[in-house]
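Going by the working numbering, the sequence shown opens with residue 46, and the numbers climb by one from there.
Just so you know, even glycine gets a beta-carbon here, dropped at the ideal spot from N, CA and C.
Notes follow the structure.
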Amino acid sequence: MHMKLFLKKNRIYIILFLVLALIMTVMLLREENILDMCFRWLTSSEYRKNYCLYDENPECSVNNLADLIKNAMDPQYRHFDELLVFGTSSIQISLPLVCAVSGVLFYTRWHSVSAVELYRTGSTKQYLYRTILKEALKT
Numbered sequence: 046m047h048m049k050l051f052l053k054k055n056r057i058y059i060i061l062f063l064v065l066a067l068i069m070t071v072m073l074l075r076e077e078n079i080l081d082m083c084f085r086w087l088t089s090s091e092y093r094k095n096y097c098l099y100d101e102n103p104e105c106s107v108n109n110l111a112d113l114i115k116n117a118m119d120p121q122y123r124h125f126d127e128l129l130v131f132g133t134s135s136i137q138i139s140l141p142l143v144c145a146v147s148g149v150l151f152y153t154r155w156h157s158v159s160a161v162e163l164y165r166t167g168s169t170k171q172y173l174y175r176t177i178l179k180e181a182l183k184t
C-alpha cells in the first residue's frame, strides 16, 4: 500500500529521473564511441572477426555485445588523457540530471508551502535566497 502511494505521489519525479538517466547513459556511451563500436559489432561480421587483432588488450576475448562493452570500458588499457576526458564528460552529462531534479523539487515546494513561508518571512528576496541555498545544499 505504501509503495503504491509512493509511486503515485512521485510519478513525475520517477519518470523524469528515468528519462534523464537514459539520456545520460546514451550520451555517455556516445561520447566514449561505444555506441559506434556496438553498431559496427552488430552489423559487420568482419569487424567481429578482427576486433581482438587491433585491440590494446592482450587478453581480448570478445564473444558477445556485453563483452565488447566491458572490454571498451576497461580502464586498465586506457591512457590518462582518455580517463580525464571520460570523467569530465561524465560530470557534464550528469549535471543536467542533478539540476532538473533540484528544479522540480524547488518548483513543487514553491507552489505548495512557500506561500505561507513567504507571508511569514515578509521579504521575497530574503526568502528566495534562503530557499535556494537550502535546496542547493540538500541535493
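Option nearest Leu78 by Cα separation, candidates Pro141, Leu50 and Ser134: First, the amino acid is wrong: residue 78 is Asn here, not Leu. Ranking Pro141, Leu50 and Ser134 by Cα distance to Asn78 puts Ser134 first.
For Met118, the first and last residue of its enclosing alpha helix (DSSP H): Neither: Met118 is in no alpha helix (DSSP H) and is coded neither H nor E.
Outcome for Asn108 when other beta-carbon atoms lying within 10 angstroms are tallied against a minimum of 16: So Asn108 counts as exposed.
For Glu162, the three-state DSSP class (helix, strand or coil): helix
Meets three-Cβ-pair contact criterion under 8 Å: the region 139 to 158 and the region 54 to 62: yes
Minimum Cβ-Cβ distance from Trp86 to chain B less than 8 Å: Annotation note: the requested chain B is absent from the structure, which comprises a single protein chain.
Residue range of the unbroken alpha helix (DSSP H) whose run includes Glu180: Element bounds for Glu180: Thr169 to Lys183.
Stretch-stretch touch, CB-based, cutoff 8 Å, three pairs: the region 138 to 145 with the region 81 to 94: no
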